[in-house]
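Comments concern the structure below.
Protein chains in written order, with this note's numbering: chain A, 133 to 478; chain B, 197 to 271.
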């Protein structure tokens, strides 16, 4: 008996990658999933930092998809290598700081490497022609295949019939006739196929899976790069951009103010790495200070922190400041809302 | 059989799962791994990862903000 061919499926956790893997599994191919973690991935858990979201179901959609399919999932940390994709995208950014085409090329290239190391034959993605304005267009499909080095070992089962036959099709590893010809932004064919396979629960179609597609998040990242005069970043940097209210009163320092208890608890984990302050005379948020604030800046920051406490209308609010060398209490008048210019809000 | 501990505090999912995955590669069937986390997402993710990879969660404890999951490595 012939050994079945082996394919890796790029699993984002969305419907398309679920269906693409299933279509190929139905043809008797052994499929395992790969999910790449860039640090910018939108996970339910990130939202769950906020206390108001705690009741929401928490699950990693990629793991959930793998479980539905009954396949192994390899989650691969690409945080460090991915920086070059974000900082220097050869094909540029999308509407925000999303380097979607370079990202897809990079991920397929990593999958190709993984295949070579683990004896797998080809790669599956859930791409559909016309689905995404930057990375999933008829003109960009061959670019991904070519520049990733996967060439015709990259198979898109959901739109394969709209593309030239790949090696797995030409060699008969998969039956091209059993593949699909989906195109465009409509989700109806995917939903019909999901129903055919009996998938009733799946991540919301067309939902973004990357913070870099979010305008507010991209603004915060751009602000960070500008303030540091460098486009380098750490995982902690990009995690902190997901949390709190970000205010930059001066070019050389920024405040990250927790918006509620869940964020306060999360930011507490970073206290040792930052100058930080919290109100002691009234209930209020934890604030981290990023940069090099002067003493005057610290007083301003204390007034802003007080503004977001329950003492916002009080004459004086005591704010505990903790920095290298010790701690002190600053007694300040909360800054009125009209004294916070809109351009301080990042 | 050996028992090891992995500190995954402050890591947000899926990083605790990735750390578990990387650690389990170097353990043998029957070994136990205790993972200490702070992201409540691990309560669904680590068991899901164990199920699809043939490992078994044998204990889960919530302790003052920590989530301590012990798993037994499968074959």
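C-beta: ideal position from N, C-alpha, C; glycine also. Quantities reported herein were computed from a predicted structural model and do not represent experimental measurements.
Contact with chain A is found for residue 241 (chain B), since one of that chain's Cβ atoms lies less than 7 Å from the residue's Cβ.
When secondary structure is reduced to three states using DSSP, residue 233 (chain B) falls in the strand class. Rounded to whole angstroms, the separation of the alpha carbons of residue 380 (chain A) and residue 388 (chain A) is 9 Å. Using a C-beta cut-off of 8 Å, the segment 146 to 156 of chain A makes no contact with the segment 214 to 221 of chain A, since fewer than three inter-stretch Cβ pairs fall below that distance.
Annotation: the continuous beta strand (DSSP E) that includes residue 258 (chain B) extends over 252 to 259.
Proximity of residue 233 (chain B) to chain A, defined by a Cβ-Cβ separation below 7 Å, is not satisfied.
Interface with chain A (7 Å Cβ-Cβ cutoff): residue 246 (chain B) is excluded.
With a threshold of 16 other beta carbon atoms within 10 Å, residue 469 (chain A) falls short and is exposed.
Neighbours of residue 203 (chain B) across chain A, judged by C-beta separation under 9 Å, do not exist; the nearest C-beta is about 13 Å away.
Chain order gives the chain A residues near residue 213 (chain B) as 192, 195, 207, where near means a beta carbon separation below 8 Å. Contact check for residue 203 (chain A) against residue 289 (chain A) fails: the beta carbons are separated by 7 Å or more.
Residue burial annotation: residue 257 (chain B) is exposed, with fewer than 16 other C-beta atoms found within 10 angstroms of its C-beta. Chain order gives no chain B residues near residue 226 (chain A), where near means a beta carbon separation below 8 Å; the closest approach is about 24 Å. Listed along chain A is no residue with a C-beta nearer than 8 Å to that of residue 271 (chain B); the closest approach is about 14 Å. DSSP places residue 211 (chain A) inside the alpha helix (DSSP H), whose first and last residues are 211 to 219. Excluding residues up to 5 positions away in sequence, 452, 453 lie with their Cβ nearer than 7 Å to the Cβ of residue 459 (chain A) in the same chain. Comparing alpha-carbon positions, the option among A:260, A:415, A:322 lying closest to residue 391 (chain A) turns out to be A:415. If you check the CB distance, residue 433 (chain A) and residue 464 (chain A) do not come in under 7 Å. In this structure, DSSP gives residue 388 (chain A) an extended state, which the three-state scheme calls strand.
Assignment of residue 157 (chain A) by DSSP, reduced to helix, strand and coil, places it in the helix class.
Looking at A:373, A:443, A:461, A:383, the one whose alpha-carbon comes closest to that of residue 409 (chain A) is A:461.
For residue 169 (chain A), the chain B residues whose Cβ falls inside 8 Å of its Cβ are 210, 211, 214, in order along the chain. With respect to chain B, the C-beta atom of residue 198 (chain A) has a partner C-beta closer than 7 Å. Spatial neighbours of residue 138 (chain A) in its own chain (CB-CB distance under 6 Å, excluding positions within 5 residues in sequence) are listed in chain order as 162, 252, 253.
The Cβ of residue 404 (chain A) sits no closer than 7 Å to any Cβ of chain B. The CB of residue 401 (chain A) comes closer than 9 Å to the CB of 205, 206, 234 in chain B, given here in chain order. Per DSSP, reduced to three states, the secondary structure at residue 312 (chain A) is coil, with no helix or strand assignment.
Annotation note: the segment 320 to 366 of chain A contains the following uninterrupted alpha helix (DSSP H) runs of length 4 or greater, listed N- to C-terminal: 320 to 329, 347 to 360. Under a criterion of Cβ atoms nearer than 7 Å, the residues of chain B adjacent to residue 204 (chain A) are, in order, 248, 249. Proximity of chain A to residue 217 (chain B) at the Cβ level (cut-off 7 Å) is accounted for by 207, in chain order. Spatial neighbours of residue 251 (chain B) in its own chain (CB-CB distance under 6 Å, excluding positions within 5 residues in sequence) are listed in chain order as 267, 269, 270.
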